[in-house]
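Participant:
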Amino acid sequence: MPRKFDQVVFCPLAKTQLEVYKRFLDTPDVQLMVRKDEQCDCGSDAKRGNCCHTHNAQGTHWKDLVLKYMNLFVEISNHVILIFPGFKGETDEQRARKREYVKIAFPGQVVRQADVMYGDELCGKWQVLSQLLDIWKTEGDNKVLIFSKSVKVLEMLEGQLQRKNFNFSYMDGRTRQEDRMRSLDKFNNDPEVFVFLISTLVGGTGLNMTSANKVVIFDPNWNPAHDLQAMDRAYRFGQKRDVNVYRLLGAGALEELIYARQIYKQQQMQIGYEASVQTRYFEGVQGSKSHQGELFGLKNIFKLHETALATKMIIEKANLAEMNWALANMDTTPDGTIKEYTDNAERNLADFMLDDSPPTSQTDRISDILNNAGVTYTHDHQNVLLASHVERNITSAAIAGSKREDGEAVVTLANEGAPEKKAASIWPPRRKTTSPLGSISRLEARVEALIEMGLIQGRSSLATFGHEFARMPEAEQRRILTKADWLSARKQMRQSSPFEY
1 MPRKFDQVVF
11 CPLAKTQLEV
21 YKRFLDTPDV
31 QLMVRKDEQC
41 DCGSDAKRGN
51 CCHTHNAQGT
61 HWKDLVLKYM
71 NLFVEISNHV
81 ILIFPGFKGE
91 TDEQRARKRE
101 YVKIAFPGQV
111 VRQADVMYGD
121 ELCGKWQVLS
131 QLLDIWKTEG
141 DNKVLIFSKS
151 VKVLEMLEGQ
161 LQRKNFNFSY
171 MDGRTRQEDR
181 MRSLDKFNND
191 PEVFVFLIST
201 LVGGTGLNMT
211 SANKVVIFDP
221 NWNPAHDLQA
231 MDRAYRFGQK
241 RDVNVYRLLG
251 AGALEELIYA
261 RQIYKQQQMQ
271 IGYEASVQTR
281 YFEGVQGSKS
291 HQGELFGLKN
301 IFKLHETALA
311 TKMIIEKANL
321 AEMNWALANM
331 DTTPDGTIKE
341 YTDNAERNLA
351 DFMLDDSPPT
361 SQTDRISDIL
371 NNAGVTYTHD
381 HQNVLLASHV
391 ERNITSAAIA
401 GSKREDGEAV
411 VTLANEGAPE
421 KKAASIWPPR
431 RKTTSPLGSI
441 SRLEARVEAL
451 IEMGLIQGRS
461 SLATFGHEFA
471 RMPEAEQRRI
481 LTKADWLSAR
491 KQMRQSSPFE
501 Y
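So that you can map any letter, position 170 of the sequence shown is 170 in UniProt numbering, and since no number is skipped, the others follow by simple counting.
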């Protein structure tokens with residue numbers, strides 16, 4: 001079976017897109033929701049959302065505004081054109097509401113849909129996707145599936161592809177059954193058809209599109225199963241080529257939270273179905289108002305991370321915590337002693353880290369495109385969900401510590417009033433070549449050794465290496481720590497001895 005590479009691309013919001021997003025965050029309706037848990041300014045002990053600030057100026061309760069504005073911010077994350085009236089199937093009420101949106105987005109200006117339809121400054125994702133499509137087209141043998149859960153997004157992309165003169169097929173919920181099969185057959189069999197625009201819910205199940213080797217998820221779904229089913233239209237039995245999946249996210253916006261929720265849900269599935277031990281990325285707990293963390297609650301939904309990527313920081317923080325614990329607590333031998341290290345015991349780390357990576361020339365071209373489009377962070381989605389051997393050790397240590405404390409408490413109660421026993425002496429005494437290190441000292445010593453080994457450049461790269469380290473086989477982890485301890489012990493002996501080694 002060919003391989004699947006699932007890359008998540010955090011696309012920066014375009015300039016105008018970012019300005020519009022911030023204007024809506026500052027609206028009275030959004031502030032009414034975000035500040036609902038603050039103490040009311042009337043002097044009572046009640047919260048604003050339960051006291052004097054329950055409804056907006058139009059008499060709508062803040063609870064009835066949540067879904068409306070969530071949909072609005074998802075639309076802005078995709079393309080500002082989506083807040084304009086004029087799309088197929090809109091009601092008079094929807095058109096009137098969108099006219100008000102345009103006034104908020106472009107205050108004091110008269111802006112029509114036709115004026116902004118093809119503006120690159122209104123869609124950061126299209127700036128990325130446009131360049132990807134260009135290079136895939138020049139390569140000559142690629143076929144691309146582009147999925148979106150929004151028909152309006154598909155209509156916008158349809159116009160962009162027509163401007164590029166790309167031959168494409170189209171399918172959404174309005175496409176007749178006989179036309180669907182005709183479009184599918186044409187895409188699979190006609191080498192001139194380059195792109196297939198598909199609604200995620202309509203084309204996400206039951207279709208065989210193994211002629212495609214590139215899959216683009218233009219907008220993430222709250223339910224991760226929909227996106228997984230969509231990419232499996234190409235990555236399934238009958239596929240003869242590697243499949244590259246690109247999930248495009250509006251960096252810093254609501255879509256980043258949607259993707260973080262996907263990770264949270266998929267980790268729960270991995271734990272429940274496969275007994276997998278997952279890295280603890282998130283502090284939030286679903287259903288707990290006192291533990292909303294970075295995932296839940298209206299403040300997280302209506303928040304813009306303008307200067308930093310929230311997902312990147314969350315993942316790096318978790319990886320760094322695991323790596324610090326491993327360096328401070330993991331022993332290389334059952335009794336914690338340092339054993340001799342030989343180069344013959346070390347596996348080739350480069351082979352381990354690169355054994356399932358796409359070809360270098362391909363990744364270099366894509367990296368250049370993403371850099372040119374302003375993308376500063378991507379990651380492999382499958383790697384984020386790999387089991388963590390370090391987390392397993394952390395859990396085991398916590399359980400063992402709890403049992404030990406319970407046992408010591410029982411022994412203390414049983415020995416109350418008994419005469420104190422003198423500890424037995426050990427002869428001959430054990431010889432120590434180095435003094436034992438505390439957990440903090442060992443952490444620092446091992447960090448210095450990892451730098452000497454060339455595995456990290458400094459503390460700033462410890463989180464990145466920690467992600468790889470946590471997913472290595474435990475035997476490989478211990479080989480690395482064995483060499484680190486050996487180097488640290490040798491350094492300590494040199495410093496404490498007048499002789500040279």
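Using N, Cα and C, we set each Cβ at its ideal position, and we do this for glycine too.
Are there 16 or more other CB atoms within 10 angstroms of the CB of M181, so buried, or fewer, so exposed?
Facilitator: By the neighbour-count rule (16 or more Cβ atoms within 10 Å), M181 is not buried but exposed.
Participant: Mapping DSSP to helix, strand and coil, what is G252?
Facilitator: Here G252 sits in coil by DSSP.
Participant: Let's test the definition: count the other Cβ atoms within 10 Å of the Cβ of R3 and tell me whether it reaches 16, buried, or not, exposed.
Facilitator: The residue is exposed, with fewer than 16 neighbouring Cβ atoms inside 10 Å.
Participant: Using three-state DSSP, classify L304 as helix, strand or coil.
Facilitator: Coil.
Participant: For T378 and L386, which I take to be in contact (beta-carbon distance under 8 Å), what is that distance rounded to the nearest angstrom?
Facilitator: The Cβ separation is near 17 Å, so there is no contact.
Participant: Which word fits H61, buried or exposed, when buried means at least 16 other C-beta atoms lie within 10 angstroms of its C-beta?
Facilitator: It counts as exposed.
Participant: Between the C-alpha atoms of L304 and A475, what's the straight-line distance to the nearest angstrom?
Facilitator: If you take the alpha carbons of L304 and A475, they lie about 42 Å apart.
Participant: In the region 274-331, which residue ranges form an unbroken alpha helix (DSSP H) of at least 4 residues, counting only runs that do not cross its ends?
Facilitator: DSSP runs (the alpha helix (DSSP H)) wholly in the region 274-331: 298-301, 310-329.
Participant: Taking 8 Å as the cut-off, decide whether the C-beta atoms of E452 and S388 are in contact.
Facilitator: It is not a contact, given that the beta carbons lie outside the stated cut-off.
Participant: Note the first and the last residue of the continuous beta strand (DSSP E) segment covering K214.
Facilitator: Counting along the chain, the beta strand (DSSP E) containing K214 begins and ends at 214-217.
Participant: Let me check understanding here. Comparing Cα to Cα, which of I198, F168, L228, T175 lies closest to N189?
Facilitator: Per the Cα distances, F168.
Participant: Give the DSSP bridge partners of I146, in chain order.
Facilitator: L197, V216, per the DSSP bridge assignment.
Participant: Measuring only the C-alpha atoms, how far is S77 from N372?
Facilitator: Straight-line Cα distance between these residues: approximately 20 Å.
Participant: Just to confirm the assignment, what range does the beta strand (DSSP E) spanning K36 have?
Facilitator: Here K36 belongs to no beta strand (DSSP E), and DSSP marks it neither H nor E.
Participant: For L298, which of T210, I263, L254 has the nearest alpha-carbon?
Facilitator: Closest by alpha carbon: L254.
Participant: Excluding five sequence neighbours on each side, which residues of the same chain lie with their C-beta closer than 8 Å to the C-beta of R23?
Facilitator: Counting only Cβ-Cβ distances below 8 Å, and skipping sequence neighbours, we find I104, A105, P107.
Participant: Do you know offhand how far E178's Cα is from G206's?
Facilitator: Rounded to whole angstroms, E178 to G206 spans 15 Å at the Cα level.
Participant: Which same chain residues end up closer than 6 Å to T200 when comparing Cβ atoms and leaving out the 5 residues on each side of it in sequence?
Facilitator: Contacts found: F147, K149, H226, A230.
Participant: Among the residues of its own chain, which have a CB less than 6 Å from the CB of R247, if the five just before and after it don't count?
Facilitator: Taken in chain order, the residues that qualify are V8, I217.
Participant: Assuming contact is defined by CB atoms lying nearer than 8 Å, are E121 and A14 in contact in what I supplied?
Facilitator: Yes, the pair counts as a contact, with Cβ atoms nearer than the cut-off.
Participant: DSSP three-state call for V110: helix, strand or coil?
Facilitator: Note: V110 maps to coil in three-state DSSP.
Participant: Between Q127, D485, K36, G89, which has its C-alpha nearest A326's C-alpha?
Facilitator: Measuring from the Cα of A326, the nearest candidate turns out to be D485.
Participant: Is the beta carbon of V144 closer than 8 Å to that of A212?
Facilitator: The answer is yes: Cβ separation under 8 Å.
Participant: Is there contact between the region 80-92 and the region 49-64, where contact requires at least three CB pairs shorter than 8 Å?
Facilitator: In short, these stretches do not touch, since the Cβ pair count stays below three.
Participant: Got a sec? Which residues, its chain only, sit under 6 Å from L18 by beta carbon, not counting five neighbours each side?
Facilitator: Taken in chain order, the list of residues that qualify is empty.
Participant: What residue range is occupied by the uninterrupted alpha helix (DSSP H) comprising D179?
Facilitator: It spans 177-189 - the alpha helix (DSSP H) in which D179 sits, taken as one unbroken run.
Participant: Do Q262 and Q278 have their CB atoms nearer than 8 Å?
Facilitator: No.
Participant: With the cut-off set at 8 Å, would you say Y170 and L197 are in Cβ contact?
Facilitator: Cβ distance < 8 Å, so Y170 and L197 count as in contact.
Participant: Out of L487, L443, L295, T16, which one is the CA nearest neighbour of W222?
Facilitator: Comparing Cα-Cα distances from W222 to each of L487, L443, L295, T16, the minimum goes to L295.
Participant: Terminal residues of the continuous alpha helix (DSSP H) containing V153?
Facilitator: Taken as a continuous stretch (DSSP letters only), the alpha helix (DSSP H) holding V153 covers 151-163.
Participant: Under the DSSP definition of a beta bridge, which residues are partnered with C11?
Facilitator: Answer is G250, bridged to C11.
Participant: In the DSSP assignment, find the unbroken beta strand (DSSP E) run with T378 in it and report its ends.
Facilitator: Per DSSP, T378 belongs to the beta strand (DSSP E) from 378-380.
Participant: How about N393 and M330: do their beta carbons lie closer than 8 Å?
Facilitator: A contact, by the Cβ cut-off of 8 Å.
Participant: Does M472 come out as helix, strand or coil in the three-state DSSP assignment?
Facilitator: Residue state, collapsed to three classes: coil.
Participant: Assign P12 to buried or exposed, taking buried as 16 or more other Cβ atoms, counted over all protein chains shown, within 10 Å of its Cβ.
Facilitator: Counting Cβ neighbours within 10 Å, P12 comes out buried, since at least 16 surround it.
Participant: Please tell me whether P71 and P28 are closer than 8 Å, where the distance is taken between their beta carbons.
Facilitator: First, the amino acid is wrong: residue 71 is Asn here, not Pro. Not in contact: N71 and P28 (Cβ atoms no closer than 8 Å).
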